[in-house]
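With the first letter of the sequence shown counted as 1, position 180 gets the number 182 in my numbering; the numbers rise by one all the way through.
Glycine included, C-beta positions come from ideal geometry on N, C-alpha and C.
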Amino acid sequence: MSAMTLQAERESAAARKSDGSVIRHLQKARRARLLFRWNLMAGTILLVAILGMVNYLSFRHFLRFDLSRTKLYSLSDKTLSILNSLTDTVNVIVFFQPQQEVYDEVENLIKEYQSACDRLHVEWVDPDRDLARAEELSRKFEVSEPNVVVFEYHGRRKYITADEIAEYDYSMVGLGRAPRKVSFKGEQAFSSAIYSVVSGERPKIYFLVGHGERGIFDYDPQKGYSRITREIQRDNLEVHTLDLAKKKRIPSDCSLLVIAAPRVPLADWEIDLIGEYLEDSGRLLVLADAYLETALEGLLEAWGVRLDNDIVLDPTRTLTGREIFITEYGNHPITEKLKGISSIFYTPRSVRPLEEETEAEAADRPRVTVLAMTSKAGWGERNLEDSTARFDPLEDIPGPVPVAVAVERGPAGSEADIRPTRLVVFGDGDFASNGALTGGDRNFFMNALNWLLERKDLLAIAPKEYEEARLLMTRGDLANLFWLTVVVIPGAVGLAGILIWWQRRE
């Protein structure tokens with residue numbers, strides 16, 4: 003074999019060896035890339051799984067912190083005690099429009115309740131978007147207006163409206179400004195509602211019948227009382243009728259007796275029964291229409307109230323001459339939330355304190371407080387036969403004329419464990435009827451009921467004040483802010499971009 007042949011074979015063998023080495027190197031690199039890809043995929047899947055697990059755990063087990071300066075959403079010990087005592091689920095249905103001004107506060111507070119207790123089942127319903135569900139639940143819970151929170155427990159319900167959640171300052175409304183939110187009372191309202199439905203306490207209210215009174219189940223669009231009856235029932239109260247001609251007594255479980263605009267006088271023996279009921283720390287609500295004698299006049303005088311035979315007029319607070327827009331209220335728990343809200347009375351009669359009380363008499367005598375009155379331009383017209391009403395200073399009652407009063411009297415030498423007698427007298431029965439029940443009238447009536455039943459605050463939880471942050475800046479500060487935000491910062495960003503572009507070009 004020649005030297006050239008041997009040389010060729012050597013070169014061929016070296017080439018084959020080199021090719022094999024390259025192939026092995028390529029195969030090794032391919033395996034390395036494949037292994038890297040598998041590792042990358044496995045790492046990605048593991049990372050996604052870890053993130054998903056962390057997200058799931060954080061969703062199920064999380065901590066909430068109230069960072070507001072006034073601790074707007076922090077729950078009190080009373081609320082936590084109520085939530086910890088729950089043995090069954092409380093259903094909470096939130097019928098709220100997101101644009102409602104207290105929506106954010108309600109949402110945060112409800113979430114705080116859920117965080118503290120797993121026995122609250124909360125459903126959010128937007129009446130403007132969830133139309134089918136909103137209609138279904140509206141029929142079930144008898145909700146006719148939005149912005150209501152319903153608490154339900156074993157068939158018992160409590161309704162909290164938006165105006166019960168926040169307190170407003172109306173002092174600047176007359177100057178064309180909107181009411182300003184002053185304090186947030188959501189915790190007090192929600193915790194009281196939960197306590198109310200869970201405790202099962204349902205005071206019984208008896209409406210007297212047999213004298214032409216307004217019918218609580220009368221659906222007449224003008225004169226009936228069916229709407230206010232529904233409001234009472236929605237407030238977790240029982241409503242019954244009472245015919246003294248049949249019962250001959252006032253039931254022992256009567257938490258409140260209501261006499262709603264009788265058209266014929268009560269009998270003397272009925273007046274005696276009612277008087278005995280009041281002497282036994284009873285609670286009475288009277289609505290008396292003008293022109294009609296009720297036979298209650300003498301009984302009310304014994305409790306420091308004069309029910310005059312007149313018609314109250316106020317030409318500065320009326321449109322047709324029949325109604326009076328009441329905007330003047332006395333200082334009393336019933337009316338403290340009515341500031342800036344009008345109540346409408348229809349041809350009312352005056353209801354006045356019989357006489358002024360001295361401090362020495364206050365402990366033994368009924369304490370009478372005026373709840374609502376006309377303006378100074380109003381008067382009580384006593385000449386009911388004159389078709390042309392005009393104020394007669396010798397005969398008529400000068401304004402401002404009271405049209406509603408509250409009465410409270412504790413027992414002589416009253417002990418702390420004996421509740422006082424309470425009365426509220428309205429000089430109008432129309433203001434609570436189906437055809438006249440405005441927002442202000444509803445609130446007035448229900449506030450009176452809750453005060454008579456001592457249900458103003460089932461839980462005394464202080465409202466939370468809204469924090470009002472103000473940034474005070476001089477003209478120089480505003481000029482500096484303008485140059486900083488409009489010139490300096492955008493200019494610096496633009497200059498940095500130009501420098502980077504120039505450097506890359508070079």
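Original post:
Which residues in the same chain have their Cβ closer than 7 Å to the Cβ of T91, if we skip the five residues on either side of it in sequence?
Top reply: On the sequence shown, position 89 is the one that residue 91 refers to. R121, H123.
**OP:** Determine the burial state of K248: buried for a count of at least 16 other Cβ atoms within 10 Å of its Cβ, exposed for fewer.
**Re:** For the purposes of this step, residue 248 is taken as residue 246 along the sequence shown, with counting starting at 1. That one is exposed.
**OP:** State buried or exposed for V314, treating a residue as buried only when at least 16 other CB atoms are found within 10 Å of its CB.
**Re:** Within the sequence shown, residue 314 is the residue found at index 312, counting from 1. By the neighbour-count rule (16 or more Cβ atoms within 10 Å), V314 is buried.
Original post:
In the DSSP assignment, what are the bridge partners of R424?
Top reply: Locating residue 424 in the sequence shown gives position 422, counting from the first residue. R285, E410, per the DSSP bridge assignment.
Original post:
If R354 and R319 are in contact, beta carbons under 8 Å, what's the gap, nearest whole angstrom?
Top reply: Your numbering for residue 354 matches position 352 in the sequence shown. Your numbering for residue 319 matches position 317 in the sequence shown. Between R319 and R354 the Cβ distance is about 18 Å, and since that is not below 8 Å, they are no contact.
**OP:** Quick one: residues in its chain with C-beta nearer than 8 Å to the C-beta of D312, no 5 flanking neighbours on either side, listed in chain order?
**Re:** Along the sequence shown, read from residue 1 onward, the residue named residue 312 stands at position 310. Hits under 8 Å: A292, R351, S352, G382, E383, R384, L386, D398, I399.
Original post:
For K113, which of V94, I167, N41, R131 has the nearest alpha-carbon?
Top reply: Within the sequence shown, residue 113 is the residue found at index 111, counting from 1. Nearest option by C-alpha distance: V94.
Subject >> Nearest-angstrom Cα separation, counted from G226 out to V288 >> reply: Position 286 of the sequence shown, counted from the first residue, corresponds to residue 288. Position 224 of the sequence shown, counted from the first residue, corresponds to residue 226. Each residue's Cα considered, the two are about 16 Å apart.
Original post:
Within the chosen definition, does the region 192-211 reach the region 243-262 through at least 3 CB pairs nearer than 8 Å?
Top reply: yes
**OP:** Tell me whether P223 is buried or exposed, calling it buried when 16 or more other Cβ atoms sit within 10 Å of its Cβ.
**Re:** Residue mapping note: residue 223 aligns to position 221 of the sequence shown, counting from 1. Exposed, because fewer than 16 other Cβ atoms sit within 10 Å of the Cβ of P223.
Original post:
Relative to the ligand SAM, is the shortest distance from any of its heavy atoms to the C-beta of W40 smaller than 7 Å?
Top reply: This structure lacks the ligand SAM, and indeed carries no ligand of any kind.
Subject >> Complete runs of the beta strand (DSSP E) confined to the region 206-263 [at least 3 residues] >> reply: 206-210, 240-244, 256-262
Original post:
Taking buried to mean at least 16 other C-beta atoms within 10 Å of its own C-beta, is G188 buried or exposed?
Top reply: Here residue 188 refers to the residue found at position 186 of the sequence shown. The residue in question, G188, is buried, as its Cβ has 16 or more Cβ neighbours within 10 Å.
Original post:
Excluding sequence positions up to five away, which residues of its chain have a Cβ less than 7 Å from the Cβ of Q102?
Top reply: Residue mapping note: residue 102 aligns to position 100 of the sequence shown, counting from 1. Within the same chain, Q102 has close Cβ partners N149, A164.
Subject >> Inter-residue Cα distance where the pair is T371 and I234 >> reply: Here residue 371 is taken as the residue at index 369 of the sequence shown, counted from 1. Here residue 234 is taken as the residue at index 232 of the sequence shown, counted from 1. The alpha-carbon atoms of T371 and I234 are separated by roughly 24 Å.
**OP:** Measure the beta-carbon distance from A168 to V104 and round it to whole angstroms, keeping in mind my assumption that it falls under 8 Å.
**Re:** Position 166 of the sequence shown, counting from 1, holds the residue named residue 168. Position 102 of the sequence shown, counting from 1, holds the residue named residue 104. At roughly 5 Å, the Cβ-Cβ gap stays under 8 Å, so A168 and V104 are in contact.
Original post:
In terms of DSSP beta bridges, what is H123 paired with?
Top reply: If you number the sequence shown from 1, residue 123 lands on position 121. Per DSSP, N93.
**OP:** Tell me, please, which residues DSSP counts as bridged to P355.
**Re:** On the sequence shown, residue 355 is found 353 positions in, with the first residue counted as 1. Looking at the DSSP assignment, P355 forms a beta bridge with V307.
**OP:** Measure the beta-carbon distance from G412 to T376 and round it to whole angstroms, keeping in mind my assumption that it falls under 8 Å.
**Re:** As a first step, residue 412 must be located in the sequence shown, where it is residue number 410. As a first step, residue 376 must be located in the sequence shown, where it is residue number 374. At roughly 31 Å, the Cβ-Cβ gap does not stay under 8 Å, so G412 and T376 are not in contact.
Subject >> Rounded straight-line distance, which links the Cα of G300 to that of A408 >> reply: Mapped onto the sequence shown, residue 408 falls at position 406. Mapped onto the sequence shown, residue 300 falls at position 298. Roughly 17 Å between the two C-alpha positions.
Subject >> Inter-residue spacing [alpha-carbon to alpha-carbon] between T360 and R236 >> reply: Residue 360 sits at position 358 when you count from the first residue of the sequence shown. Residue 236 sits at position 234 when you count from the first residue of the sequence shown. In this prediction, T360 has a pLDDT of 46, which is less than 50 and means its spatial position is unreliable; nothing more can be read from the coordinates.
Subject >> C-beta atoms of Y331 and L321 nearer than 8 Å >> reply: Position 329 of the sequence shown, counted from the start, is the residue given in the question as residue 331. Position 319 of the sequence shown, counted from the start, is the residue given in the question as residue 321. Result no, Cβ atoms of Y331 and L321 do not sit closer than 8 Å.
**OP:** Go ahead and label F153 buried or exposed: buried means 16 or more other beta carbons lie within 10 angstroms of its beta carbon, across all protein chains shown.
**Re:** On the sequence shown, position 151 is the one that residue 153 refers to. With 16 or more other Cβ atoms within 10 Å, it is buried.
Original post:
In its own chain, which residues sit with a C-beta less than 6 Å from the C-beta of G441, not counting the 5 before and 5 after it?
Top reply: As a first step, residue 441 is located in the sequence shown; it is residue number 439 there, counting from the start. Around G441: no qualifying Cβ.
**OP:** Leaving out five residues on either side along the sequence, give the residues of the same chain with a beta carbon under 6 Å from the beta carbon of E259.
**Re:** Numbered from its first residue, the sequence shown carries residue 259 at position 257. For the record, residue 259 in the displayed sequence is Leu; it is not Glu. Hits under 6 Å: Y208, L286.
**OP:** Within 10 angstroms of the Cβ of S87, are there 16 or more other Cβ atoms? Answer buried if so, exposed if not.
**Re:** Residue numbering aside, residue 87 sits at position 85 when the sequence shown is read from its first letter. When all chains shown are included, S87 counts as exposed.
Subject >> Chain-order list of residues whose beta-carbon lies under 8 Å from that of R506 (same chain, five-residue window excluded) >> reply: Position 504 of the sequence shown, counted from the first residue, corresponds to residue 506. No residues qualify anywhere along the chain.
**OP:** Have a look at the DSSP bridge pairing and note the partners of F327.
**Re:** The count along the sequence shown starts at 1 and reaches residue 327 at position 325. BP columns for F327 point to I346.
Original post:
Along the chain, where does the alpha helix (DSSP H) that runs through A136 open and close?
Top reply: Taking the sequence shown and counting its residues from 1, the one referred to as residue 136 is at position 134. First-last of the alpha helix (DSSP H) with A136: 133-143.
Original post:
Should Y161 go down as buried or exposed, given a rule of 16 or more other Cβ atoms within 10 Å for buried?
Top reply: Taking the first residue of the sequence shown as 1, we reach residue 161 at position 159. Classification of Y161: buried, given that the 10 Å Cβ count is 16 or more.
Original post:
According to the Cβ coordinates, are V151 and V108 closer than 8 Å?
Top reply: Start at 1 with the first residue of the sequence shown, and residue 151 comes out as number 149. Start at 1 with the first residue of the sequence shown, and residue 108 comes out as number 106. Yes; because the gap between Cβ atoms is below 8 Å, this pair is in contact.
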